[in-house]
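Top line first, the protein sequences correspond to chains A and B.
Numbering follows full-length UniProt numbering, in which position 263 of the first sequence is assigned residue number 263; successive positions increment by one, without gaps.
Numbering follows full-length UniProt numbering, in which position 33 of the second sequence is assigned residue number 33; successive positions increment by one, without gaps.
2 protein chains.
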Amino acid sequence: MPIADRLQRMRPSYIRDILRAASADNVLSLAGGLPALELFPMRQIEAAMQTVGKQAQLFQYGETRGYPPLLDYLRDLLAIPADHDLLISNGSQQGLDLIARAFLNPGDVVVVEAPCYLGALQVFELADAAVRLVAQTPQGPDLQQLESLFAAGDVRLFYAVPDFHNPTGICWSLATRERVAALCEQFGVLLVEDAPYRNLRFAGEELPLVAAALPSQALVLRSSSKISTPGMRLGMVSGPRQFIDALVLVKQAADLHTNVPLQAALLEVISQASFPRHLARLRVCYRRRYRALLGALQAQGWQPAAVCGGMFVWLELEDIDARALAAEALRCGVAVVPGEAFYPADVAVRPALRLNFTHCNEQAIEEAVARLAVAIETLQRQDAG
Amino acid sequence: MPIADRLQRMRPSYIRDILRAASADNVLSLAGGLPALELFPMRQIEAAMQTVGKQAQLFQYGETRGYPPLLDYLRDLLAIPADHDLLISNGSQQGLDLIARAFLNPGDVVVVEAPCYLGALQVFELADAAVRLVAQTPQGPDLQQLESLFAAGDVRLFYAVPDFHNPTGICWSLATRERVAALCEQFGVLLVEDAPYRNLRFAGEELPLVAAALPSQALVLRSSSKISTPGMRLGMVSGPRQFIDALVLVKQAADLHTNVPLQAALLEVISQASFPRHLARLRVCYRRRYRALLGALQAQGWQPAAVCGGMFVWLELEDIDARALAAEALRCGVAVVPGEAFYPADVAVRPALRLNFTHCNEQAIEEAVARLAVAIETLQRQDAG
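Encoded structure:
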């Protein structure tokens with residue numbers, strides 16, 4: 001039984017293969033985008049699961065848009081305007097997939113930052129979109145290149161992660177945010193702003209969503225994965241009501257609705273008066289781990305770009321095959337992701353690694369970097385030999 | 001922001017609109033496919049939710065294929081052959097959507113029974129498939145017509161509900177099952193066997209899955225919605241390993257994986273020694289309710305086709321507009337679904353109603369049929385007047 005054409009072009013997620021290897025007992029993982037399990041708000045979750053388990057009506061069929069009390073809470077918390085709406089999805093990954101299915105015809109042009117979140121590349125591949133890349137600067141996308149891309153023709157959608165980008169950790173400047181919003185408006189491009197890391201800022205001042213300056217032409221993806229737990233798979237899409245209505249139509253066919261019990265449990269967890277303290281603890285811990293990673297890398301003579309939040313550091317390398325390095329690193333007991341995993345298959349890329357600092361504690365991070373140094377040495381010795 | 005072409009052709013689910021109206025306090029609903037809430041195994045669910053809520057690792061990212069202990073349990077329970085595999089989906093609705101995305105190119109021909117489960121029609125519309133209809137007989141699809149359809153050309157996929165079909169309640173005879181398997185094999189058609197009601201047989205003898213006679217060319221959709229609870233949104237797809245691998249690739253892009261906590265909770269619930277007793281109670285209750293519905297309809301002079309399980313009775317009508325009747329019935333305080341909701345938009349259909357017998361208890365069913373009789377009388381008086 002041959003599979004559909006679009007699937008024959010898709011690569012399986014290299015990261016998920018690495019993650020599987022990284023789960024071996026003796027491997028330290030800087031590879032995944034895994035939040036710290038020991039910081040999951042389990043006391044609140046346990047209580048929430050108990051409460052939810054007593055309510056039979058939460059186990060009946062629910063609404064496609066989401067569990068109404070959770071929607072009401074989030075509309076208020078996120079100050080969703082009256083002419084906008086919200087949809088609850090199975091993680092923000094599903095939100096992005098629904099957007100692609102609702103708004104893209106095959107061949108439509110989509111612009112993404114290079115490098116780009118792999119899950120987004122997969123969604124656009126599956127949608128048969130024509131993906132164009134805009135380079136990143138430390139302030140965000142290269143604005144001149146973005147304008148050229150938009151001006152060159154029918155760009156339908158710009159997918160971006162302005163806050164603590166995956167994989168580079170870059171956070172867009174205010175000027176970049178304003179300019180991107182203006183360009184999207186000028187050229188009629190739908191902005192899809194993916195904001196899973198926005199609550200994980202541990203330095204500097206919060207900047208507005210790009211979508212805030214583009215209310216009629218942007219969809220925002222939010223996730224509970226990084227602030228509560230990823231295993232619940234709960235994300236949110238917000239934007240103009242008629243856009244959300246289109247997503248609801250696709251979601252009806254895609255899976256009827258997101259499960260109700262975990263939506264009710266999430267509401268229990270995030271509406272606790274103590275939840276902001278949980279977020280503060282998370283940020284303090286991640287800042288400590290980030291500093292441990294930065295210090296360990298610097299001690300080896302490496303200089304990754306500094307980040308102000310999120311989960312990742314991007315380490316550019318010279319004269320080394322990043323994919324071979326990742327393989328050697330795994331043999332040395334540390335999992336990392338080579339930069340090329342974050343580009344479409346046919347793009348030439350400069351060697352780099354994405355390093356996660358949220359999953360391992362400081363001690364493990366230091367040991368992981370030491371193992372990475374051994375892997376690099378081994379590889380260089382092989383090249384020299 | 002115009003929506004994608006495929007979406008402009010889609011109708012929102014008429015049933016979900018009716019369900020919303022049916023949730024008004026004074027309305028008795030024979031409309032939805034809702035299982036009896038008062039029979040949810042809540043004691044087991046409450047205990048399972050407590051157990052799950054204590055285990056942080058169940059809230060971390062999981063595997064795309066599903067929660068391994070649940071997969072292992074189901075492989076064993078369902079006697080999945082060694083060269084087959086399983087995928088856990090967000091309800092079997094997602095399983096069907098993944099199949100369409102993995103195996104259908106735009107324009108591919110799909111055959112469905114007429115009438116057909118509305119959610120399947122939506123999936124195939126979204127996949128840009130060319131849908132062809134095969135008529136139903138009391139023994140299942142019209143085999144001559146099915147052979148003609150298959151022989152006429154490139155039929156890629158046959159979607160069917162052989163056990164207690166939605167909306168008609170028809171259960172295929174053994175001879176029909178064997179013949180359909182042979183035809184699929186002869187013409188190289190992928191069979192998608194949707195079996196959500198298979199455990200809800202309350203009369204007659206269990207018949208084999210059609211897929212059992214077509215192991216290398218069939219995918220089976222199963223659901224926990226009708227035997228445990230629908231709000232959890234957990235379904236399963238099984239079939240040849242390379243087919244499941246293709247679905248895993250699509251699911252990775254669609255939502256990474258199904259939530260882990262409810263997969264773990266479902267395993268706790270269905271692996272209890274007492275679970276078969278729960279199923280037995282369910283069947284006894286549904287048989288009682290079915291008989292109440294049948295009796296009440298017969299008392300009004302109506303003769304719906306008898307069913308041996310499932311959730312629905314199909315009532316064919318004469319000289320009446322079923323859609324107008326459903327609207328009048330709602331005014332009289334009973335929700336029903338007109339038959340045309342189960343056909344593609346452009347098909348002429350004989351007037352019929354789908355009546356559910358699992359959601360309301362016997363007393364409510366009798367009252368609902370009385371209200372339906374009033375609605376029909378009102379409509380006939382209007383026609384005469």
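Every residue gets a Cβ at the ideal spot worked out from N, C-alpha and C, and that includes glycine.
Residue i: contacting residues in chain A (beta-carbon distance under 7 Å)
| i | result |
| --- | --- |
| Glu46 (chain B) | Gly53, Lys54 |
| Val110 (chain B) | Within chain A, no residue comes near Val110 (chain B); the closest Cβ sits about 13 Å away, beyond 7 Å. |
| Gln50 (chain B) | Met49, Gln50, Gly53 |
| Leu190 (chain B) | Met1 |
| Gln93 (chain B) | Asp255, Leu256 |
Cβ distance (whole Å) where residue i is taken to contact residue j below 8 Å
| i | j | result |
| --- | --- | --- |
| Ala22 (chain A) | Gly33 (chain A) | That belief does not hold up - the Cβ atoms of Ala22 (chain A) and Gly33 (chain A) are roughly 12 Å apart, past 8 Å. |
| residue 387 (chain B) | Ile244 (chain B) | There is simply no residue 387 (chain B) to check, as chain B begins at 1 and stops at 385 in what is shown. |
| Pro141 (chain B) | Val110 (chain B) | Not quite, the Cβ-Cβ distance comes to about 14 Å (not below 8 Å), so this is no contact. |
| Leu133 (chain B) | Val112 (chain B) | 6 Å |
| Pro115 (chain A) | Tyr286 (chain A) | That pair is no contact at about 21 Å. |
| Leu191 (chain B) | Phe103 (chain B) | Between Phe103 (chain B) and Leu191 (chain B) the Cβ distance is about 12 Å, and since that is not below 8 Å, they are no contact. |
is_contact[residue i, chain B] using C-beta, thresh 8 Å
| i | result |
| --- | --- |
| Leu254 (chain A) | First, the amino acid is wrong: residue 254 (chain A) is Ala here, not Leu. Ala254 (chain A) counts as touching chain B. |
| Gly310 (chain A) | no |
| Gln186 (chain A) | no |
| Phe40 (chain A) | yes |
| Asp154 (chain A) | no |
| Gly107 (chain A) | no |
| Gln217 (chain A) | yes |
| Val220 (chain A) | no |
| Val123 (chain A) | yes |
| Leu34 (chain A) | yes |
Residue i, buried or exposed, once every other Cβ within 10 Å from all chains shown has been counted against 16
| i | result |
| --- | --- |
| Asp97 (chain A) | buried |
| Asp319 (chain B) | exposed |
| Ser238 (chain B) | buried |
| Arg277 (chain B) | exposed |
| Asp163 (chain A) | buried |
| Gly66 (chain B) | buried |
| Val284 (chain A) | exposed |
| residue 390 (chain B) | Past the boundaries of the shown model lies residue 390 (chain B); chain B is included only from 1 to 385, so the question cannot be answered. |
| Ala225 (chain B) | The sequence given here places Ser at residue 225 (chain B); Ala does not occur at that position. Buried is the call here. |
| Arg20 (chain B) | exposed |
| Asp83 (chain B) | exposed |
| Leu77 (chain A) | exposed |
| Arg350 (chain B) | exposed |
| Gly295 (chain B) | exposed |
Closer than 8 Å to chain A by CB, residue i
| i | result |
| --- | --- |
| Thr258 (chain B) | yes |
| Ala335 (chain B) | no |
| Ala213 (chain B) | no |
| Val210 (chain B) | no |
| Asn356 (chain B) | no |
| Pro196 (chain B) | no |
| Phe59 (chain B) | yes |
| Ala246 (chain B) | yes |
| Gln300 (chain B) | no |
| Gly119 (chain B) | yes |
| Leu126 (chain B) | yes |
| Leu37 (chain B) | yes |
Residue i Cβ short of 7 Å to the ligand NAP heavy atom set
| i | result |
| --- | --- |
| Leu133 (chain A) | Among the components of this structure there are no ligands whatsoever, and the ligand NAP is therefore not found. |
Cross-chain neighbours of residue i in chain A, by beta carbon under 9 Å
| i | result |
| --- | --- |
| Ala181 (chain B) | Under the 9 Å cutoff, chain A gives no residues; its nearest Cβ is about 15 Å from Ala181 (chain B). |
| Asp97 (chain B) | Ala253, Ala254, Asp255 |
Contact list for residue i against chain B, beta-carbon separation under 7 Å
| i | result |
| --- | --- |
| Ala102 (chain A) | Ile3, Ala4, Leu7 |
| Pro261 (chain A) | Gly231, Met232, Leu262 |
Chain-ordered neighbours of residue i on chain B, where CB pairs are closer than 9 Å
| i | result |
| --- | --- |
| Gly62 (chain A) | Pro230, Gly231, Arg233 |
Would you list, in chain order, the members of the segment 66–90 of chain B that have their beta-carbon closer than 9 Å to a beta-carbon of chain A? Cβ contacts with chain A: Ser89, Asn90.
Residues within the segment 225–244 of chain B neighbouring chain A, beta-carbon criterion of under 7 Å: Of all residues in the segment 225–244 of chain B, Thr229, Pro230, Gly231, Met232, Arg233, Phe243 have a Cβ within less than 7 Å of some Cβ in chain A.
Listed from N- to C-terminal order along the chain, which residues in the segment 270–287 of chain A have their beta-carbon within a distance smaller than 9 Å of any beta-carbon of chain B? So the list is empty, because no residue satisfies the distance condition.
Members of the segment 132–150 of chain A near chain B, C-beta cut-off 9 Å: Answer set for the segment 132–150 of chain A: empty.
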